[in-house]
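Following: one structure in structure tokens, then a few remarks.
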Amino acid sequence: MTGATGATGPTEPSGVGGRRSRRPRRGGGGAAGRAVPLYIVTGGRSESGDDLDSLLLDLVTLVVARSTAPDAGHSPEHAALLRVCQHPISVAEISAHLGLPFSAVTVLLKDLRAGGLVELRHTREAQRQAAADPDIETLKALIDGLQRL
21 MTGATGATGP TEPSGVGGRR SRRPRRGGGG AAGRAVPLYI VTGGRSESGD
71 DLDSLLLDLV TLVVARSTAP DAGHSPEHAA LLRVCQHPIS VAEISAHLGL
121 PFSAVTVLLK DLRAGGLVEL RHTREAQRQA AADPDIETLK ALIDGLQRL
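All residue numbers for the sequence shown refer to my numbering, where the first residue is 21 and numbers rise by one.
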């Protein structure tokens, strides 16, 4: 189809005088136009369904792939995750690279961990406890300083 601008391909009306723009139609690409729903990516699960569910995964847990090839039966998302994890990378960065929410990434990581395909490097226990139980006085001083800006 040729629009008023002479471009070919699918176009959508610009809304001005019925003319067509050269903007492509929305559809593919990115999380909003995801071809596969997340419940398919995770197999309908919110947890991996094994004893590794007790494994604490947070945004700063580092992940390193032990193998570059997923086992038979793993999804394309598992393969993409392994490619991203060739060097230590945080769960938050994996989520951003793959365009998947944190919850979906944790399900996929637990699957790969159960198969021995990835290694998880957690934050130190002291750091985890400090983050879980912050010093109230330090937080108040931080808020006061930010309010003065």
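Even for Gly, the Cβ is constructed at its ideal location relative to N, Cα and C.
Nothing here was measured: the structure is a model prediction, and the numbers come from that model.
query, result
"What distance in whole Å lies between the Cβ atoms of residue 77 and residue 111, which are believed to be in contact at a cut-off of 8 Å?", "6 Å"
"Could you check the C-alpha separation between residue 122 and residue 157 for me, to the nearest Å?", "31 Å"
"Tell me residue 85's beta-bridge partners as DSSP assigns them.", "138"
"Once DSSP output is grouped into helix, strand and coil, what is the label at residue 95?", "coil"
"Can you tell me whether residue 98 is buried or exposed? The criterion is at least 16 other CB atoms within 10 Å of its CB, across all chains shown.", "buried"
"Enumerate in chain order the residues of its own chain whose CB-to-CB distance from residue 141 is below 6 Å, with the five nearest sequence positions on each side excluded.", "82"
"Along the chain, where does the alpha helix (DSSP H) containing residue 165 start, and where does it finish?", "156-168"
"Using 7 Å as the threshold, is the C-beta distance between residue 86 and residue 128 below it?", "no"
"For residue 106, which of 89, 119, 120 and 80 has the nearest alpha-carbon?", "89"
"Which value, in whole angstroms, describes the spacing of the CA atoms of residue 132 and residue 96?", "12 Å"
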